[in-house]
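Take a look at the structure set out below.
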Amino acid sequence: TGKSTVFEQLQQEIPKGLILLLQVPGLGGKTIARLYNELGIENVDALKEACLKGMVRNLKGFGAKKEEKILEVIENMSGGMSRFPIAMVLPIARYIEEELAKMPGATSFSRAGSLRRVNETVKDLDFIIATTNRNEVRQAIMNMKNIKTVTNQGETKISCIFSFDIDIPVDFRIVEPEEFATCLHHFTGSKEHNVRMRQMAKERNEKISEYGVENLENGNRVTFSSEEEFFQHFNLPFIPPELREDGEEVNRIQELGSLISLSNIKGDLHMHTNWSDGRGTLEEMVESARKKGYEYIAITDHSQNLKVARGLTEEQILKQREIIREINEKYDDITVLAGIELDILADGSLDFEDDVLKELDIVIASIHSGFNQDMEKMMERLSKAIHNPYVHMIAHPTGRKIGIREGYQVDIERLIEMAKETGTILELNANPNRLDLKRDHLVLAEKFGVPIAINTDSHHPDQLDNMEIGVAYARKAWLKKETVVNTWPLSELKSWLQHKRKGI
Ligand code: DGT
Ligand code: CA
Ligand code: CA
Ligand code: ZN
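Residue numbers for the sequence shown, in the working numbering: 8 to 511.
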């Protein structure tokens, strides 16, 4: 029904600030519950105050050292809870975009700022709106339901706080249609990118402002109908927003080969069904993939060890493989690979016997438990999994969740080397909570020649849409199309998968 009374009741009971405390690195649900129950701490500010007063150290099992550590972490977060993880703000951004789409006065609009650049965390949301009727749009924005307070208002700007599960600052810029492209470019940033562009303009005796490009010799101002045109004016190809970071991209874009894009994606190699902890049936997942026009997908439910995810036994996976065969008979426009997401156990052994694995088209292995092991132990586990000839891919290789946990101890260079040696694929998990491998790791993996799969790890048919954010994030690492295995034709992918097994 889209509603749950249990959920609503829980929302009533739990202060909103408490959920945000999960973002403090090192604080888990259990600790937060104790801080709340025993000290009444409901948010980051209250936690900081309690630490400063020495109240946290008196809790059983905490002590002065832990208190100091918490305080240090909070202070490092620069002014408390100032940045929001991307997964938290995406649904809010989509809601605002739906509202803007309904506004009669708004001729066009776009997200801008760090969200448009697909940063892992954002300080606020930025939107640019083009209109010939500013007053109408301003009024419509002020009437939006979730606005809690307006913090700043001018002719072309409204800054406000939106209140959803969290309070989040949002900036709107309202400009004339001809100013839209330059304004969008300006407020997309990054600041460093803008500095580099302005420097470039200056060398040509021009000046970039939010509203256009001014010729400093004759004072004429030109505007553009698109960002493409704006870049063209400076003899540059379009620089995708995800690449606009330290300014170097302005030089590098010229040498750019085949940057990965969404239209290159031919399939999705990691998803779950209601056989384990997914919410869609096998058929629903296949239908959702066909709607995307995919050539292939892999069904990769969890294996038995993962009890919380209702992991499948060896018998169940073999039965599922039979049903997948029938589905493949039915459709001639998509191929469904029978796969598994194997749990890498605490001692590095795998959840299934090799004679079961060899029956499957694709085998993913990943870590879901024993996160606290030291790096040596962790690498032993990963090494055992990678060296198994039946394991094709390591999913969410570092286990991080943005703003929630850092993940386990991985020697990433060693992992990438092992992947290269064994022909194992590493994943870029496209779930916006994860984005794992992260950018620097992706850059390194590509440099080593390790193939990457961009996978949604969907647990619902709608989550296949996360491919878009995954690909955008991959662009931040400048990943090439060829590096990404799910851009390859099925035949090529299949021979890669067989290649590792033949090496036995
Ligand atoms: P954040 O911190 O996640 O909100 O990151 P941004 O990039 O969204 O930062 P924000 O919202 O303060 O400003 C949006 C963009 O506006 C920024 O990326 C570049 C542009 N901008 C803002 N202030 C300045 C500035 O002082 N100089 C230049 N060149 N650009 C600026
Ligand atoms: Ca921003
Ligand atoms: Ca802003
Ligand atoms: Zn998964």
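Glycine included, each C-beta is placed from N, C-alpha and C at the ideal position.
Between the C-alpha atoms of residue 397 and residue 380 there is a straight-line separation of about 25 Å. Scanning the stretch 388–469 from its first residue to its last, the whole beta strand (DSSP E) runs of 3-plus residues come out as 432–436 and 459–462.
In the same chain as residue 112, and ignoring 5 residues on each side of it, the C-beta atoms closer than 6 Å to its own belong to 138, 140, 143 and 144, in chain order. Per DSSP, residue 52 is one residue of the alpha helix (DSSP H) stretching across 51–59.
Residues of the same chain with a CB within less than 8 Å of the CB of residue 205, apart from the 5 flanking positions on each side, are 214 and 215 in chain order.
The alpha helix (DSSP H) runs lying completely inside the stretch 227–297 and spanning 4 residues or more are 234–240 and 256–259, given in chain order. Remark: the C-beta of residue 96 is outside contact range of ligand 2, defined as less than 7 Å to any heavy atom.
For secondary structure counted as the beta strand (DSSP E) over 3 or more consecutive residues, the stretch 181–217 holds these complete runs in sequence order: 213–216. Remark: C-beta atoms of residue 461 and residue 432 do not approach each other more closely than 8 Å.
According to the DSSP assignment, residue 350 belongs to the beta strand (DSSP E) that extends over 342–350.
For residue 100, the three-state secondary structure derived from DSSP is helix. With a cutoff of 8 Å on beta-carbon distance, residue 237 and residue 188 are scored as near each other. By the rule of a C-beta closer than 5 Å to any heavy atom of ligand 4, the residues picked out are 348 and 464. In the same chain as residue 497, and ignoring 5 residues on each side of it, the C-beta atoms closer than 8 Å to its own belong to 273, 274, 302, 303 and 342, in chain order. Per DSSP, the unbroken beta strand (DSSP E) holding residue 137 starts and ends at 132–138.
Here the distance from the Cβ of residue 172 to the nearest heavy atom of ligand 3 is not below 7 Å. Of the other Cβ atoms in all chains shown, fewer than 16 fall within 10 Å of the Cβ of residue 353; this residue is therefore exposed. Here residue 375 carries a coil assignment [DSSP, helix/strand/coil]. Listed in chain order, the non-local C-beta contacts of residue 291 below 6 Å within the same chain comprise 468, local neighbours out to five positions each way being set aside. If the five residues before and after residue 120 are omitted, its C-beta is found closer than 8 Å to the C-beta atoms of 129, 131, 132, 133, 178, 194, 195 and 196, all from its own chain and listed in chain order.
Residue 324 and residue 283 have their C-alpha atoms some 10 Å from each other.
About 13 Å separates the beta carbon of residue 491 from that of residue 479, a gap too long to meet the 8 Å contact definition. Distance between residue 429 and residue 414, taken at the CA atoms: about 24 Å. With a beta-carbon spacing of about 6 Å, residue 451 and residue 423 fall inside the 8 Å limit used to define contacts. Excluding the 5 residues flanking it on each side, residue 350 has same chain C-beta neighbours closer than 6 Å at 310, 312, 313, 358 and 375, in chain order. A distance below 6 Å between beta-carbons, with the five flanking residues on each side excluded, links residue 253 to the following residues of its chain, in chain order: 199.
Note on geometry: alpha-carbon atoms of residue 465 and residue 306 lie some 10 Å from one another. Within the same chain, no residue comes within 7 Å of residue 146 by CB-CB distance, once the 5 residues on both sides are set aside.
The beta carbon of residue 133 sits closer than 7 Å to at least one heavy atom of ligand 3. Taking the Cβ of residue 414 as the reference point, every heavy atom of ligand 3 lies at 7 Å or farther away. Residue 160 and residue 114 have their C-alpha atoms roughly 21 Å apart. Collapsing the DSSP output to three states places residue 508 in a helix. Using a Cβ-Cβ distance cut-off of 8 Å, the stretch 76–84 and the stretch 30–39 are in contact, since at least three pairs of beta carbons, one from each stretch, lie closer than that value. If you compare the alpha carbons of 372, 186, 318 and 339 with that of residue 230, the shortest gap goes to 186.
Relative to ligand 3, the beta carbon of residue 161 is positioned no closer than 7 Å to any heavy atom. Taking the Cα positions, residue 356 is about 12 Å away from residue 385.
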